[in-house]
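Chemist:
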Amino acid sequence: VSFSRAWHHLKSHSSITQISNAGTPVEPTLSGRTLFTFNKIFEETSTTKEVYEWAAKSVIHSVVRGRNGSIFTYGQTNSGKTYTMQ
């Protein structure tokens, strides 16, 4: 079975899965199907403040109190990763 590398957000599971060329989620039993589950998936409409509050605020507060902290960001070039951390 051939399918594109398009993705569908499964909101109830904080997961994304591949979708078929017809735009429907690929069946879980299909060989080669890929599913990724995350602690949190932000919508395209999410604000910088929402991302900061959920992902960075507690790390920043820990660093200020003298603990080590690290935030790893991954995403498309020019998508706002550095801006969000400033």
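Here the sequence shown is numbered in the working numbering, starting from 18 and rising by one per residue. Glycine included, C-beta positions come from ideal geometry on N, C-alpha and C. What you are looking at is a predicted structure, and each value in this text was computed from that prediction instead of being measured.
#1: What did DSSP end up calling Ile33 once you bin it into helix, strand or coil?
#2: Taking DSSP as the reference, what is the three-state secondary structure of Thr54?
#3: Please determine if the stretch 62–73 and the stretch 88–101 are in contact, where contact requires at least 3 C-beta pairs separated by less than 8 Å.
#4: Pick out whichever of Glu60, Arg82, His78 and Thr65 has its Cα sitting closest to the Cα of Tyr100.
Modeler: In short:
#1: strand
#2: strand
#3: yes
#4: Thr65
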